[in-house]
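Below you'll find the structure, written out as structure tokens, and then a few comments.
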Amino acid sequence: MDLAIEVKGLTKKYANVTAINNIDFQVRKGEIFGFLGPNGAGKTTTQRILTGVITATSGKAFILGYDIKKEAFYAKSRIGVVPELANIYIDLSAWNNLMLIGQLYGVVKEDRIKKSAELLRIFNLYERKDEKAKVFSKGQRQKLLLCMALIHNPQLLFLDEPTSGLDVVSSRLIREMIAKFNREGVTIFLTTHNIQEADELCDRIAVIDHGLIATIDSPENLKKEFQSMQTIEIVFNPQIKSEDDLKKIEYVNKVQKIGDKFKLYTDNPDELIRQLLSFSQKGNLNILSLNTLGPDLEEVFVKITEEHKGWSYGKEKSFSKSV
Amino acid sequence: MEKKNPFLSQFKSAWAITKKDISIYYLKPPVLIYGFIFPGFLFLAFFLGKNMPFSSLLPVVIVLALFFTSSSVGPIITPWETRMRTLERLVSCPVSLEFILLGDILAGFLFGVGITLILSVFAIPFLSIGLKSITVLLGTILLSGFCFSCLGVLLSAPATDNPSNIMMLSNLVRLPLIFLSGIFIPVNKLPALGRLIARFSPLTYTVDILRSNFYEECIYSPVLSLTALFIFTVVFLFLGMVLHKKNLSKRF
Chain S
6 MDLAIEVKGL TKKYANVTAI NNIDFQVRKG EIFGFLGPNG AGKTTTQRIL TGVITATSGK
66 AFILGYDIKK EAFYAKSRIG VVPELANIYI DLSAWNNLML IGQLYGVVKE DRIKKSAELL
126 RIFNLYERKD EKAKVFSKGQ RQKLLLCMAL IHNPQLLFLD EPTSGLDVVS SRLIREMIAK
186 FNREGVTIFL TTHNIQEADE LCDRIAVIDH GLIATIDSPE NLKKEFQSMQ TIEIVFNPQI
246 KSEDDLKKIE YVNKVQKIGD KFKLYTDNPD ELIRQLLSFS QKGNLNILSL NTLGPDLEEV
306 FVKITEEHKG WSYGKEKSFS KSV
Chain P
15 MEKKNPFLSQ FKSAWAITKK DISIYYLKPP VLIYGFIFPG FLFLAFFLGK NMPFSSLLPV
75 VIVLALFFTS SSVGPIITPW ETRMRTLERL VSCPVSLEFI LLGDILAGFL FGVGITLILS
135 VFAIPFLSIG LKSITVLLGT ILLSGFCFSC LGVLLSAPAT DNPSNIMMLS NLVRLPLIFL
195 SGIFIPVNKL PALGRLIARF SPLTYTVDIL RSNFYEECIY SPVLSLTALF IFTVVFLFLG
255 MVLHKKNLSK RF
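Line order of the protein sequences matches chains S and P.
Following my numbering from start to finish, the first sequence increments by one per residue and tops out at 328.
Following my numbering from start to finish, the second sequence increments by one per residue and tops out at 266.
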């Protein structure tokens, strides 16, 4: 199998804190791999190690077949990076930012000029190429960072929270571009806590929590794994006042009231629908609407990270799962 | 895009970083204040009204200009880039930290040497000062400029994102060196302890060579002084690389 990233037993310790703890995972060439986790889970630390910004305390990471520690130059030459907290040079123009990064990646002048113009046009920044970047909005700076990450035609793109804090239009443009570059063959490593974004874009997702990989799978398989989180949304007429009666129905795991709707969590939606029909007949209630819903990724994520909190450090290794 | 020779590529990258530093940092207020204004006033405070011919002060002017300008750029770059969050982007590029620092050192070196050479080119013919050897003058300026620039980058090694903290540290180191290196008080007139400390200042050797090259006897032979400057350069360069590498992960 062609691998873009291979991580083996990676650990990073800061004084007494273990930021990531003996993690293993692989990213295949051509896929969009989501790296999800709550704040402080170890996402950014992992990306910094994989991009050669910091070194791991132990373990190995191979980027496109190159050891990121021993062959950093060759690995870094083939990747593009948009770090979470990084910035452009605000005292330089957009054009000069691109020229600088192009030079650092060894792009020859002719290609640098051509590619910079092309990228600035794609991200609607070409008209402002000579303006100093200090006047750019957050969205424009993020687009420029993406241009800088793409100027050398990388085979692998690391994106850390690429749409964080951006308006809807900018976020959508960036997501469209991520999908476009992936279709053109670029492997994407997307670090995010935006579940919807990961669900929309990623082929596979790893959830990291407390420095450990909690799970790795496709978004749909993750949802399937959590059958008990399937839901039925139901609206009765007249509205029932208490949810206690619903909790007593067989196959209902949990009840949540949302506006005039009740959301019932179950691992057997088929049986539950029969029970609900019986319940409505007995109570002389009309069913105004009834929808069955699979678990959404956000609920899966919350469930995984909640479960993970209960794990003691002695069990952590067995919780880690490699692909 | 394949780079065939990592070493050559990284030299080109270091030069790109130097050009970036020139366009961003040369006109930053801390560089202008501590590189020009401060040493200018220091010079005036010590020599104004002493009725000394300017020609006898020229070595002092050259040394002050070279020392302060060369060592003013380095301290500002790393903390500034840490604060502006551009350092992480730079470190993720295919250029090692050593070559990033080399780019910063070259920026300080060119700043210091450029200004000192302009000053020398105008002052020496204008004041009709006799110069024993232009090669020695050039060699001293180039080697000392590189040495002081390495010192500037070494001083920026503590992992802070506050440039003013580093500028304070930098002045804490640079100011005592001014007084212990024979600029204002000749080394042979210093007390025994002062003379001992003066041996461990690179500035002592720059002052000594320049003074001897213009009009005076030297304390150390030019070969010894140039060797000492070379050793200081290697030590500053090595220490700077090691400490910056050690502190890198603390910057993010």
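By construction, the Cβ of each residue, glycine as well, lies at the ideal position given by its N, Cα and C atoms.
Candidates the options, of which the one nearest residue i by Cα
i: residue 196 of chain P; options: P/183, P/161 and P/224; result: P/224
i: residue 270 of chain S; options: S/297, S/244 and S/282; result: S/297
i: residue 68 of chain S; options: S/49, S/77, S/60 and S/257; result: S/77
i: residue 91 of chain P; options: P/133, P/55 and P/164; result: P/164
i: residue 53 of chain P; options: P/78, P/254, P/232 and P/161; result: P/78
i: residue 179 of chain S; options: S/198, S/220, S/144 and S/200; result: S/144
i: residue 117 of chain P; options: P/37, P/212 and P/198; result: P/37
i: residue 149 of chain P; options: P/75, P/46, P/202 and P/236; result: P/236
i: residue 21 of chain S; options: S/51, S/41, S/62 and S/12; result: S/62
i: residue 48 of chain P; options: P/180, P/213 and P/244; result: P/180
i: residue 202 of chain P; options: P/190, P/187, P/188 and P/218; result: P/218
i: residue 291 of chain S; options: S/242, S/72, S/51 and S/173; result: S/242
i: residue 185 of chain P; options: P/41, P/32, P/81 and P/104; result: P/81
i: residue 173 of chain P; options: P/146, P/260 and P/19; result: P/260
i: residue 199 of chain S; options: S/184, S/166, S/213 and S/190; result: S/166
i: residue 232 of chain P; options: P/146, P/169 and P/254; result: P/146
i: residue 106 of chain S; options: P/238, P/28 and P/249; result: P/28
i: residue 113 of chain P; options: P/252, P/64 and P/246; result: P/252
i: residue 182 of chain S; options: S/124, S/208, S/170 and S/204; result: S/124
i: residue 255 of chain S; options: S/206, S/283 and S/246; result: S/283
i: residue 59 of chain P; options: P/67, P/198, P/103 and P/250; result: P/198
i: residue 205 of chain P; options: P/214, P/88 and P/194; result: P/194
i: residue 262 of chain P; options: S/177, S/72 and S/54; result: S/54
i: residue 281 of chain S; options: S/177, S/31, S/212 and S/238; result: S/238
i: residue 131 of chain P; options: P/115, P/154 and P/144; result: P/154
i: residue 174 of chain S; options: S/129, S/252 and S/188; result: S/129
i: residue 75 of chain P; options: P/136, P/89, P/122 and P/33; result: P/136
i: residue 247 of chain S; options: S/66, S/236, S/267 and S/229; result: S/267
i: residue 144 of chain P; options: P/246, P/255 and P/70; result: P/70
i: residue 16 of chain S; options: S/31, S/51, S/191 and S/9; result: S/51
i: residue 57 of chain S; options: P/160, P/105, P/226 and P/192; result: P/105
Neighbour list for residue i in chain S, Cβ cutoff strictly below 8 angstroms
i: residue 137 of chain P; result: Ordered by position in chain S, no residue passes the 8 angstroms Cβ test against residue 137 of chain P, which lies about 33 angstroms from the chain.
i: residue 38 of chain P; result: 94, 96 and 97
i: residue 55 of chain P; result: The premise fails here: residue 55 of chain P is roughly 28 angstroms from chain S at the closest Cβ pair, so nothing lies under 8 angstroms.
Neighbour list for residue i in chain P, Cβ cutoff strictly below 8 angstroms
i: residue 109 of chain S; result: 27, 30, 31, 104, 107, 108 and 109
i: residue 12 of chain S; result: None at all; the shortest Cβ gap to chain P is about 17 angstroms.
7 angstroms Cβ cut-off: residues of chain S touching residue i
i: residue 263 of chain P; result: 59
i: residue 170 of chain P; result: Within chain S, no residue comes near residue 170 of chain P; the closest Cβ sits about 18 angstroms away, beyond 7 angstroms.
i: residue 23 of chain P; result: 111
i: residue 64 of chain P; result: Neighbours of residue 64 of chain P on chain S: none; closest Cβ ~42 angstroms, over 7 angstroms.
i: residue 246 of chain P; result: Near residue 246 of chain P there are no residues of chain S at all, since even the closest Cβ is about 30 angstroms away, more than 7 angstroms.
i: residue 125 of chain P; result: Within chain S, no residue comes near residue 125 of chain P; the closest Cβ sits about 16 angstroms away, beyond 7 angstroms.
Under 7 angstroms by beta carbon: chain P residues contacting residue i
i: residue 105 of chain S; result: 30 and 34
Residue-chain proximity (residue i, chain A), Cβ-Cβ < 9 angstroms
i: residue 44 of chain P; result: Going by chain labels, chain A is absent from the structure shown, which instead holds the protein chains S and P.
Contact set between residue i and chain P, taken where Cβ atoms lie within less than 9 angstroms
i: residue 81 of chain S; result: 106, 107, 108 and 109
i: residue 86 of chain S; result: 102, 103, 106 and 107
Neighbouring residues, chain S, relative to residue i (Cβ below 9 angstroms)
i: residue 20 of chain P; result: 78, 79 and 82
i: residue 61 of chain P; result: Correct list: empty, because the minimum Cβ distance to chain S is about 37 angstroms.
Checklist line | Any 3 or more C-beta pairs closer than 8 angstroms across the segment 23-42 of chain P and the segment 98-109 of chain P | finding: By the C-beta criterion, the segment 23-42 of chain P is judged to be in contact with the segment 98-109 of chain P, since at least 3 inter-stretch pairs fall below 8 angstroms.
Next item on the list: Compile a chain-ordered list of the residues in the segment 88-112 of chain P whose CB is closer than 8 angstroms to at least one CB of chain S.
Entry: Answer in chain order: 98, 99, 100, 102, 103, 104, 105, 106, 107, 108, 109 and 110.
Next item on the list: Quick one: which residues of the segment 50-77 of chain S get their C-beta closer than 8 angstroms to a C-beta of chain P? List them in chain order.
Entry: Among the residues of the segment 50-77 of chain S, those with a Cβ less than 8 angstroms away from any Cβ of chain P are 53, 56, 57, 58, 59, 60 and 77, in the order of the chain.
Next item on the list: Could you pull out every unbroken beta strand (DSSP E) segment of at least 3 residues lying fully inside the segment 135-202 of chain S, listed in chain order?
Entry: Counting only runs of 3 or more, we get 161-165 and 192-197.
Checklist line | Secondary structure, alpha helix (DSSP H): runs of 4+ residues fully inside the segment 207-280 of chain S | finding: Listed in chain order, the complete alpha helix (DSSP H) runs (minimum 4 residues) inside the segment 207-280 of chain S are 224-230 and 249-252.
Notebook entry, point to check: Does the count of Cβ pairs from the segment 158-178 of chain S and the segment 79-95 of chain S closer than 8 angstroms reach three?
Noted result: Yes, the segment 158-178 of chain S is in contact with the segment 79-95 of chain S.
Checklist line | Proximal residues, the segment 160-174 of chain S versus chain P, C-beta separation under 7 angstroms | finding: Cβ contacts with chain P come from no residue of the segment 160-174 of chain S.
Check: Would you call the segment 100-110 of chain S and the segment 135-155 of chain S in contact, with 3 or more CB pairs under 8 angstroms?
Finding: Contact between the segment 100-110 of chain S and the segment 135-155 of chain S is present: 3 or more CB-CB pairs across the two stretches fall below 8 angstroms.
Margin query: Between the segment 132-139 of chain S and the segment 106-115 of chain S, can you find at least three pairs of beta-carbon atoms closer than 8 angstroms?
Written below: Touching, no, given that fewer than three Cβ pairs across the two stretches are closer than 8 angstroms.
Notebook entry, point to check: Is there contact here, the segment 209-221 of chain S with the segment 37-56 of chain S, by at least three beta-carbon pairs under 8 angstroms?
Noted result: Touching, yes, given that three or more Cβ pairs across the two stretches are closer than 8 angstroms.
Next item on the list: Quick one: which unbroken beta strand (DSSP E) runs of 3-plus residues sit fully inside the segment 77-123 of chain P? Chain order, please.
Entry: List check, beta strand (DSSP E) in window: nothing returned.
Checklist line | Within the segment 43-123 of chain S, ranges of the alpha helix (DSSP H) (whole runs, at least 4 residues) | finding: The segment 43-123 of chain S is shown to contain whole alpha helix (DSSP H) runs of 4 or more residues at 48-55, 77-82 and 99-109, in chain order.
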